[in-house]
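Chemist: Would you mind keeping the following structure in view while I ask a few things?
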Amino acid sequence: MKSTAARTPAERQALNEAARWHTRLHDEAATPEDLQAWQHWHSAHPSHQWAWQTVQAVSQRLARIPTPVAMQALAQPPMARRTALRGVALGLGGCAATWLAWQASPWQALGASYHTATGERQQLGLPDGSELALDTATAVDEHFDANDRRLSLRSGRIQISTRPDLHQRPFSVQTPQGSVLALGTQFTVQVLDAQHTRVAVQEKSVRVQPTHGEARLLVAGQQMDFSSTAALPPHPAHLAQASWRDGGLIALDMPLAELVQELARYRPGYLGCAPEVAHLQVSGAFTLDNTDRALAALAASFAVQVHYRTRYWVRVEAA
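Just so we're aligned, residue 215 is where the sequence shown starts under our numbering, counting upward by one.
Now the structure itself:
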């Protein structure tokens, strides 16, 4: 399999779209209209077919279900569809993760224009017609006036799909480390901790401006971390940056440490991994709405075990 870094921007864009479609079609709220829209996307370009096959291949259980059967299951009532597609979230690779020590605190959501609790996601429209998606434990403020369209991200992660503005007002996202200016695009912004912000671009480009550093351009298929003084070099964006909005985590050659770190954001308490399994690589499709199920898939597929000391203290260890 070609490495993530070796893929072209067009291939990475197609993979991002395929990841979004995968989680959308395997959500129990998927509709026949979703299936028709996916079929239109799938047949539009050979790169879409290649990307879909790649994303399908990283989910072992789904790969065992004949495509017509899987597609038929999507048209069934929710309870039947849930049974038919149960177990789709299965990883193929290995584990480890450090717990996010810096997490959104309840006080960060106080007075915010929009906010979500741990494990909750939300999608809404902004006054200019742009779309905003909030990830778990996110708090964001909206500042729209005659001259500016600005969101201030206090904590968590958001995805923005901007729309043209009749008044040509700039659209930006402010974080404690700087600002991200949209250049007609779709992108995600995440406050990683007290010192760093991560930006990933799904369409077109953005301009990243650290508060006390040099501005950098980031284009589709790339992600970048930055502090208040500097932006790190860009690198290919993880598929997880595109798939979380629809409730799925698509991992492709992801260190298990990163996978468990992502899952930890969707549950209260501590979720970590033992150092001896931290380097293992993971590819697969995991549900974010039931992290216990995702952890069970890891334990069923690899030489790891999930140690529950309590519901709020969980660790992935070597079997």
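Every residue, glycine too, gets a C-beta built ideally from N, C-alpha and C. Quick caveat, the model's predicted, so the values are computed rather than measured.
Report the partner residues of Tyr484 according to the DSSP bridge assignment.
Modeler: Taking the sequence shown and counting its residues from 1, the one referred to as residue 484 is at position 270. DSSP, once it has assigned bridges, lists Trp527 as partnering Tyr484.
Chemist: Just curious, the beta strand (DSSP E) that Leu431 is in, first and last residue?
Modeler: Residue mapping note: residue 431 aligns to position 217 of the sequence shown, counting from 1. Run containing Leu431: Arg430 to Val433, per the beta strand (DSSP E) assignment.
Chemist: Which word fits Thr402, buried or exposed, when buried means at least 16 other C-beta atoms lie within 10 angstroms of its C-beta?
Modeler: Locating residue 402 in the sequence shown gives position 188, where the first residue counts as 1. Its Cβ being crowded by 16 or more others within 10 Å, Thr402 is buried.
Chemist: Helix, strand or coil for Ala353 per DSSP?
Modeler: Residue numbering aside, residue 353 sits at position 139 when the sequence shown is read from its first letter. Strand.
Chemist: Look at Gln382 and Thr411 and say whether their C-beta atoms are less than 7 Å apart.
Modeler: For the purposes of this step, residue 382 is taken as residue 168 along the sequence shown, with counting starting at 1. For the purposes of this step, residue 411 is taken as residue 197 along the sequence shown, with counting starting at 1. No; because the gap between Cβ atoms is not below 7 Å, this pair is not in contact.
Chemist: Rounded to the nearest angstrom, what separates His452 and Leu466 at their Cα positions?
Modeler: The count along the sequence shown starts at 1 and reaches residue 452 at position 238. The count along the sequence shown starts at 1 and reaches residue 466 at position 252. Straight-line Cα distance between these residues: approximately 8 Å.
Chemist: Can you tell me whether Gln391 is helix, strand or coil according to DSSP?
Modeler: For this step, residue 391 is matched to residue 177 along the sequence shown. Coil.
Chemist: Looking only at its chain, what residues have a beta carbon closer than 6 Å to the beta carbon of Tyr522, apart from the 5 residues adjacent to it on each side?
Modeler: Position 308 of the sequence shown, counted from the first residue, corresponds to residue 522. These residues qualify, in order along the chain: Val528.
Chemist: Measure the Cβ-Cβ separation of Val420 and Ala444 and say whether it is below 7 Å.
Modeler: Here the question's residue 420 lines up with position 206 in the sequence shown. Here the question's residue 444 lines up with position 230 in the sequence shown. No, these two residues do not count as a Cβ contact at 7 Å.
Chemist: Check whether the Cβ atoms of Ser366 and Gln337 lie closer than 7 Å to each other.
Modeler: Taking the sequence shown and counting its residues from 1, the one referred to as residue 366 is at position 152. Taking the sequence shown and counting its residues from 1, the one referred to as residue 337 is at position 123. No.
Chemist: Taking only three categories from DSSP, how would you classify Glu345?
Modeler: Here residue 345 corresponds to residue number 131 of the sequence shown, with the count starting at 1. Strand, per DSSP.
Chemist: Any idea what DSSP makes of Ser442, helix, strand or coil?
Modeler: Taking the first residue of the sequence shown as position 1, residue 442 is located at position 228. It is coil, neither helix nor strand.
Chemist: At 3 residues or longer, what runs of the beta strand (DSSP E) sit wholly inside the segment 458–520?
Modeler: Qualifying beta strand (DSSP E) stretches, in chain order: 462–469, 484–487 and 495–501.
Chemist: State buried or exposed for Gln267, treating a residue as buried only when at least 16 other CB atoms are found within 10 Å of its CB.
Modeler: Within the sequence shown, residue 267 is the residue found at index 53, counting from 1. Its Cβ having fewer than 16 others within 10 Å, Gln267 is exposed.
Chemist: For Gln263, which residues in the same chain have their Cβ closer than 7 Å to its Cβ, ignoring the five residues on either side in sequence?
Modeler: The residue given as residue 263 occupies position 49 in the sequence shown. His256.
Chemist: Are the beta-carbon atoms belonging to Val394 and Val413 less than 7 Å from one another?
Modeler: Locating residue 394 in the sequence shown gives position 180, where the first residue counts as 1. Locating residue 413 in the sequence shown gives position 199, where the first residue counts as 1. In contact: Val394 and Val413 (Cβ atoms closer than 7 Å).
Chemist: Give me the DSSP bridge partner(s) of Gln436.
Modeler: On the sequence shown, residue 436 is found 222 positions in, with the first residue counted as 1. According to DSSP, which records beta bridges pairwise, Gln436 is partnered with Pro450.
Chemist: Can Gly435 and Arg226 be called in contact, C-beta distance under 7 Å?
Modeler: Residue numbering aside, residue 435 sits at position 221 when the sequence shown is read from its first letter. Residue numbering aside, residue 226 sits at position 12 when the sequence shown is read from its first letter. Contact flag set, yes.
Chemist: Quick check on the burial criterion: 16 or more other C-beta atoms within 10 angstroms. Buried or exposed for Arg296?
Modeler: The sequence position of residue 296 within the sequence shown is 82, counting from 1. Only weak support is given to the placement of Arg296: the predicted model assigns it a pLDDT of 37, under 50, and the question is left unresolved by the model.
Chemist: For Gly461, collect the residues of the same chain with a Cβ closer than 8 Å to its Cβ; drop the 5 residues on either side in sequence, then sort them by chain order.
Modeler: Looking up residue 461 in the sequence shown gives position 247. Excluding positions up to five away in sequence, the list reads Thr237, Asp241, Arg335, Thr501, Leu502 and Asp503.
Chemist: By the three-class DSSP mapping on this structure, what secondary structure does Gln396 have?
Modeler: Working through the sequence shown from its first residue, we reach residue 396 at position 182. Looking at the sequence provided, one finds Ala at residue 396 rather than Gln. In this structure, Ala396 counts as strand in the three-state DSSP scheme.
Chemist: Report the option in Arg364, Leu348, Pro424 and Gly427 whose CA atom is closest to the CA atom of Ser457.
Modeler: Taking the sequence shown and counting its residues from 1, the one referred to as residue 457 is at position 243. Measuring from the Cα of Ser457, the nearest candidate turns out to be Leu348.
Chemist: Per DSSP, what kind of secondary structure is Pro424 in: helix, strand or coil?
Modeler: Against the sequence shown, residue 424 aligns to sequence position 210. In the structure shown, Pro424 sits in a strand (DSSP, three-state: E or B).
Chemist: Give me the Cβ distance between Glu188 and Ser327, rounded to the nearest whole Å; I'm assuming they're in contact under 8 Å.
Modeler: Outside the displayed range of the chain (215 to 533) lies residue 188, so it cannot be described from this structure.
Chemist: Assuming Arg589 contacts Thr352 (C-beta within less than 8 Å), just tell me the rounded distance between them.
Modeler: With the chain represented from 215 up to 533, any question about residue 589 goes unanswered, as that position is not in the structure.
Chemist: Helix, strand or coil for Thr268? Go by DSSP, reduced to three states.
Modeler: For the purposes of this step, residue 268 is taken as residue 54 along the sequence shown, with counting starting at 1. Thr268 falls in the helix class under three-state DSSP.
Chemist: So, helix, strand or coil for Gln253, using DSSP?
Modeler: Translated into the one-based positions of the sequence shown, residue 253 becomes position 39. Here Gln253 sits in helix by DSSP.
Chemist: According to DSSP, simplified to helix, strand and coil, what is His236?
Modeler: Here residue 236 is taken as the residue at index 22 of the sequence shown, counted from 1. If DSSP states are grouped into helix, strand and coil, His236 belongs with the helices.
Chemist: Once DSSP output is grouped into helix, strand and coil, what is the label at His329?
Modeler: As a first step, residue 329 must be located in the sequence shown, where it is residue number 115. Strand.
Chemist: What number of angstroms, rounded off, separates the C-alpha of Pro482 from the C-alpha of Asp362?
Modeler: The sequence position of residue 482 within the sequence shown is 268, counting from 1. The sequence position of residue 362 within the sequence shown is 148, counting from 1. Their Cα atoms are separated by approximately 36 Å.
Chemist: Does DSSP put Leu229 in a helix, in a strand, or in coil?
Modeler: Locating residue 229 in the sequence shown gives position 15, where the first residue counts as 1. In the structure shown, Leu229 sits in a helix (DSSP, three-state: H, G or I).
Chemist: Taking all protein chains shown into account, decide if Arg234 is buried (16 or more other Cβ within 10 angstroms of its Cβ) or exposed.
Modeler: The sequence position of residue 234 within the sequence shown is 20, counting from 1. With 16 or more Cβ atoms within 10 Å of its Cβ, Arg234 is classed as buried.
Chemist: What does the alpha-carbon distance come out to for the pair Ala492 and Ala471?
Modeler: Along the sequence shown, one-based indexing puts residue 492 at 278. Along the sequence shown, one-based indexing puts residue 471 at 257. Their Cα atoms are separated by approximately 5 Å.
Chemist: Return the residue from the list Gln250, Leu340 and Val415 that minimises the CA-CA distance to Leu229.
Modeler: Position 15 of the sequence shown, counted from the first residue, corresponds to residue 229. Taking only the C-alpha atoms, the option nearest Leu229 is Val415.
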